[in-house]
Amino acid sequence: MRQLLDEPWVLTATDGAVPDVLRGVEVAATVPGVVHTDLLAAGLIPDPYLDENEAALQWIGRTAWRYRTRLHLSPPAPGERVELVFAGLDTVAQVRLDDHLLGTPSNMHRTHRYDVTDLLGDEGAATARVPGGHDLVVDLTAPLDAAEAMSQAQGPRVHTNEHPFNAVRKMACNFGWDWGPDLVTAGIWRPVLVERWHTARLGSVRPLATVDGTTGRVEVHVEVARPAGEGATLSLAASLTAPDGTPYLASVVVGSTGSDVVVALDVPQVALWWPRGYGDQPLYDLVVSLSSLSSLDTPDTPDTPDTLDPEGHELDRWQGRTGFRTVTLDTEPDEHGTPFVLSVNHHPVLVKGANWIPDDAFPHRVDHARYATRIVDAVEAGMNLLRVWGGGIYESDDFYDLCDEQGVLVWQDFLFACAAYAEEPPLRGEVVAEATEAVTRLSPHPSLVVWNGNNENLWGHEDWGWAAQLGDLTWGRGYYLEVLPELLARLDPTRPYSPGSPWSFDEQRHPNDPAHGTTHLWDVWNTLDHTHYRDSVPRFVSEFGYQGPPTWATLTQAVHDRPLTPTSPAMSSHQKAIGGDDKLNRGIAPHLHRPPDDRFDDWHWAMQVQQARAVRFGLEHLRSWHPVCSGAIVWQLNDCWPVTSWAAVDGDGRRKPLWFALRHAYAPRLLSIQPREGGLGLAVGNDTDEAWVTHVAVRRLDLHGDERALTTLAVEVAPRSTVTVPLPVALWSDVDPARDVLVAQAGIQRALWFFAEDKDLALAPGWASTRAERVPGGYDVHLTAAGLQRDVCLLVDKVDPDATVDDGMVTLLPGESCTLHVTSDLTVAPEAWLAPSVVRSTNQLVSAPDLQGAHR
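Heads up: the sequence shown begins at 472 in my numbering, then just goes up one per residue.
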């Protein structure tokens, strides 16, 4: 029997940098939770996400904390075991029941289990022995002090950022990142359970689903836990229920000394699970039951039992879902280098993905509804894969369940990022234990298709001067190239593994060679203009991105500087990238004039549109080279707090202009105009299962709509393919760079090519007409362009922070109209949605310093 331990907890500071006003003060604590959120709920600290509060709360990470509750447990029945199970302790702790030390855990990413049977007394005697219950105490060492002490004990190893996060098995970005706050947590961050059992229980359940032809097979690997010396004969049964209700059953006898058992089920004519866009996502319900056998029905030989205990003595049960699909990774060298092609059910997948970070700096606050919202953000942007980045956590079951349901593939990093890691005990033992638990827990999920050893550590050792700093110290290579692949070969041979990201699949090659394996493209953000994305044709890009500020409502709810400027104090505290503002300014300079600081509204829009344009530019280039380039994973989908970052969805869950740019670039069918040898070509991408046979009209227009040249191209693109068609010279020669544009159109798909940068284009600010009206569920905004209007967005959160809009980053040709639907419950004058600061376009940044005259 499992039950949530829901007794009330209290929190106190016990040592360290705690302010005098809090010494000895008891605070009501929430479990799951962490110190920061408990103190915030009690009104004892300001919100860490606002203004410069993060810096004022650094003392929390230098303080030791105690969680305490009064535990009221009935004593064990004869033969019963009682265990306390901590699903997540953050991080270096001592756990006591009364005066008994239960354990000293030091890993945030593991479950910790303690047998307290002998501490609860005999049935009928506990109340007399311990009146009023038992004191359960969790003492947490000051996390920063613990990390620093562990670093010294191991021998300090190189790491990014300020603190030695690599010395302790704790969420790395908790210590601050180039998009995340330095809010080092302590707490009981996942649930605490009381488990009562007798005879035996399920120690672990690891279902591995495979497909052979039309038959699916799930082998359920079970570890049975039982008290030493007890040898009952048991039955292990597995039942699988298909989506149509068809049941499949199998069971085995577990001998008196057995502990590791496999029960297998075969499913003929299995319904395959597919990534979204490739098919359906049927899921099979799986139940694993451990039972005691009736003495009358115990067979003489360990054959499959027909009956269980007639009393129905089920000892333990596990329930979950799984799906059937094959997954392979092609890394066999070819004429272009080394591919990285992910195939599901023998169909190569064009990966259109994003990197995932913890959705809150305090991850316990991310519940099922929030995961669901964020997965919808990915799905509606056209994504088919999320990479769970190695500086975060193994996410809760809700995340993987939702990805299973939605057909979103998951690439799962093991939790190593941007640092060197000791390979000696005790860290090595913690790494193996946490990886074993993670692989076991996540094994049922068909969405999980790639295990990855680390983030940037192999690259860092090669290029970032680590080797000289480390000398003879171990740094993690053994984990990525030996320990983890050997563990996966034993526990999960059904999924491919990559030692790292980036990785070229040969230690003799540079780990970030774009011709081989996976590549991270960060030169553009760090040093180059975004047009340099075209400098190479990588085989697969697992990270690239460009910064931009959060939406207006998110920013202004978090930052209250007066005046608010790009570099005002609180604004700067929400820019975590070293030199981030300088890189934003450098990146925009070739394309747009940077608005001055006193026009912060314009600066905000300029940086948002630049982010969106840069990433879309890169994605269109990469897709144009499919299948040589087999996919891209943008950095990043989400944020963990309000910050200037690479995210498409900001820390308050609002979609930035980048999100709309991603949706356009990840569309199933895509047109883009690309430079090719000798001129320009039209890249036509078809990521569907049907051939795309179409005629593409390609026109050269001036910015007022007059046609200068025209051709029509007959195009046929096979399913899941891309072709590039040369464009006639007459279309792109003898042009007026400031006034001409190429427009390629096939149905709703459109591609544009400008011959000059925005700041050099003769873009006009005005509209032919604008109109807004109240409609059920919100408002419709009707826009008609006079001249070409580039990158039109409605920044609806400026009117209603809860509003959303159905499209953005839309370019309208001269005389063209569009209707954007705003979902909002707010009652306002419809004209509010037409304000120049709400209806935004690049034209305003080029030609209209005074926005008050932007509409007519």
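Using N, Cα and C, we set each Cβ at its ideal position, and we do this for glycine too. Computed from a predicted structure; not experimentally measured.
Three-pair Cβ contact test at 8 Å for the stretch 1046-1056 versus the stretch 1018-1029: A contact exists between the stretch 1046-1056 and the stretch 1018-1029.
Inside the stretch 918-973 only - alpha helix (DSSP H) runs reaching at least 4 residues: Fully contained in the stretch 918-973 are the following alpha helix (DSSP H) runs of length 4 or more, in chain order: 928-934, 937-941 and 955-962.
Three-state secondary structure (DSSP) of residue 823: Your numbering for residue 823 matches position 352 in the sequence shown. Here residue 823 sits in strand by DSSP.
Exposed unless 16 or more other CB atoms sit within 10 angstroms - verdict on residue 1003: One-based indexing of the sequence shown puts residue 1003 at position 532. Looking at its Cβ environment, which holds fewer than 16 other Cβ atoms inside 10 Å, residue 1003 is exposed.
8 Å Cβ cutoff met for residue 1080 and residue 1313: Residue mapping note: residue 1080 aligns to position 609 of the sequence shown, counting from 1. Residue mapping note: residue 1313 aligns to position 842 of the sequence shown, counting from 1. Yes, the pair counts as a contact, with Cβ atoms nearer than the cut-off.
Cβ-based neighbour list, residue 989, same chain, cut-off 6 Å, excluding 5 preceding and 5 following: On the sequence shown, position 518 is the one that residue 989 refers to. For residue 989, where only same-chain residues beyond five positions count, the Cβ hits under 6 Å are 811, 972, 973, 974, 1011 and 1013.
Residue 1296 to residue 1274 span [Cα, whole Å]: On the sequence shown, position 825 is the one that residue 1296 refers to. On the sequence shown, position 803 is the one that residue 1274 refers to. It is roughly 8 Å from the alpha-carbon of residue 1296 to the alpha-carbon of residue 1274.
Those runs of the beta strand (DSSP E) which lie wholly inside the stretch 1191-1224 and span at least 3 residues: Entirely contained in the stretch 1191-1224, the beta strand (DSSP E) runs reaching 3 residues are, in chain order, 1192-1197 and 1211-1217.
Terminal residues of the alpha helix (DSSP H) in which residue 719 lies: Residue 719 sits at position 248 when you count from the first residue of the sequence shown. Taken as a continuous stretch (DSSP letters only), residue 719 belongs to no alpha helix (DSSP H), being part of the beta strand (DSSP E) at 718-725.
CA-to-CA distance, residue 1091 to residue 1006, given in whole angstroms: As a working mapping, residue 1006 is identified with position 535 in the sequence shown. As a working mapping, residue 1091 is identified with position 620 in the sequence shown. Taken atom to atom, the span from the alpha-carbon of residue 1006 to that of residue 1091 is near 13 Å.
Beta-carbon proximity list for residue 718, same chain, < 8 Å, skipping 5 on both sides: Reading the sequence shown from its first residue, position 247 is the one you call residue 718. Cβ within range, chain order: 710, 711 and 712.
Per-residue DSSP class, three states only, for residue 1129: What you label residue 1129 is simply residue 658 of the sequence shown in a count that begins at 1. In this structure, residue 1129 counts as helix in the three-state DSSP scheme.
Per-residue burial, residue 1125 [other beta carbons within 10 Å of its own, 16 or more giving buried]: Taking the first residue of the sequence shown as position 1, residue 1125 is located at position 654. Of the residues assessed, residue 1125 falls on the buried side of the cut-off, its CB having 16 or more other CB atoms within 10 angstroms.
Outcome for residue 1024 when other beta-carbon atoms lying within 10 angstroms are tallied against a minimum of 16: Within the sequence shown, numbered from 1, the residue matching residue 1024 stands at position 553. The C-beta of residue 1024 has 16 or more other C-beta atoms within 10 Å across all chains shown, which makes the residue buried.
Span separating the alpha-carbon of residue 425 from that of residue 1129: This structure gives no information on residue 425, because the portion of the chain shown stretches from 472 to 1327.
Cut-off 8 Å between Cβ atoms - residues of its own chain near residue 754, not counting five sequence neighbours on either side: In the sequence shown, counting from the first residue as 1, residue 754 sits at position 283. Around residue 754: 714, 744, 792, 793, 794, 875, 876 and 917.
Boundaries of the beta strand (DSSP E) in which residue 1043 is found, first to last residue: In the sequence shown, the residue the question calls residue 1043 occupies position 572. Unbroken run through residue 1043 is the alpha helix (DSSP H), 1040-1044; no beta strand (DSSP E).
Backbone CA spacing between residue 653 and residue 1097 [nearest angstrom]: Here residue 653 is taken as the residue at index 182 of the sequence shown, counted from 1. Here residue 1097 is taken as the residue at index 626 of the sequence shown, counted from 1. Distance between the alpha carbons of residue 653 and residue 1097: 40 Å.
Within 8 Å, strictly: CB atoms of residue 1291 and residue 1265: Looking up residue 1291 in the sequence shown gives position 820. Looking up residue 1265 in the sequence shown gives position 794. Taking C-beta atoms as the reference points, residue 1291 and residue 1265 count as a pair closer than 8 Å.
Any non-hydrogen atom of the ligand ADP closer than 7 Å to residue 586 Cβ: This structure lacks the ligand ADP, and indeed carries no ligand of any kind.
Start and end residues, alpha helix (DSSP H) containing residue 911: To locate residue 911, count along the sequence shown from 1; it is residue 440. For residue 911, the uninterrupted alpha helix (DSSP H) segment begins and ends at 898-913.
Exposure of residue 1201, with buried meaning 16 or more beta-carbon neighbours within 10 Å: Translated into positions along the sequence shown, residue 1201 becomes position 730. Exposed.
Proximal residues to residue 987 (C-beta, below 6 Å), its chain only, five neighbours per side dropped: Here residue 987 refers to the residue found at position 516 of the sequence shown. Correct list, in chain order: 808, 809, 975 and 980.
Cβ pair count under 8 Å reaching 3, the stretch 538-555 against the stretch 631-651: As far as the Cβ criterion goes, the stretch 538-555 does not touch the stretch 631-651, which means the pair count is below three.
6 Å CB neighbourhood of residue 985 in its chain, flanking five on each side removed: If you number the sequence shown from 1, residue 985 lands on position 514. The answer, listed in chain order, is 1007 and 1009.
Exposed unless 16 or more other CB atoms sit within 10 angstroms - verdict on residue 1317: Here the question's residue 1317 lines up with position 846 in the sequence shown. By the neighbour-count definition (other C-beta atoms within 10 Å, threshold 16), residue 1317 is a buried residue.
Residue from 1169, 508, 722 and 982 with nearest C-alpha to residue 931: Your numbering for residue 931 matches position 460 in the sequence shown. Comparing Cα-Cα distances from residue 931 to each of 1169, 508, 722 and 982, the minimum goes to 982.
At least 3 beta-carbon pairs within less than 8 Å: the stretch 894-913 vs the stretch 576-583: The stretch 894-913, when compared against the stretch 576-583, does touch it at the 8 Å Cβ threshold.
Proximity below 8 Å, CB of residue 1197 to CB of residue 1150: Mapped onto the sequence shown, residue 1197 falls at position 726. Mapped onto the sequence shown, residue 1150 falls at position 679. Going by beta carbons, residue 1197 and residue 1150 fall inside the 8 Å limit.
Cα-Cα separation between residue 998 and residue 1075, rounded to whole angstroms: Along the sequence shown, read from residue 1 onward, the residue named residue 998 stands at position 527. Along the sequence shown, read from residue 1 onward, the residue named residue 1075 stands at position 604. Our two residues, residue 998 and residue 1075, have alpha carbons roughly 21 Å apart in a direct line.
DSSP three-state assignment for residue 585, whether helix, strand or coil: As a position in the sequence shown, residue 585 is number 114, starting the count at 1. In the three-state reduction of the DSSP assignment, residue 585 falls in the strand class, which pools E and B.
Distance, residue 647 Cα to residue 481 Cα: The count along the sequence shown starts at 1 and reaches residue 481 at position 10. The count along the sequence shown starts at 1 and reaches residue 647 at position 176. If I take the Cα positions, the gap works out to 27 Å.
Secondary structure of residue 777, DSSP reduced to three states: Along the sequence shown, one-based indexing puts residue 777 at 306. Reliability of the predicted coordinates at residue 777 is poor, the pLDDT of 37 falling under 50, and no value is obtained from them.
Per-residue burial, residue 1062 [other beta carbons within 10 Å of its own, 16 or more giving buried]: Residue mapping note: residue 1062 aligns to position 591 of the sequence shown, counting from 1. Result: buried.
Closest Cα partner of residue 1252 within the set 1301, 977 and 1218: Your numbering for residue 1252 matches position 781 in the sequence shown. Of the listed residues, the one whose Cα sits closest to residue 1252 is 1301.
CB-CB length for residue 695 against residue 761, believed under 8 Å: Taking the first residue of the sequence shown as position 1, residue 695 is located at position 224. Taking the first residue of the sequence shown as position 1, residue 761 is located at position 290. 7 Å between Cβ atoms; contact.
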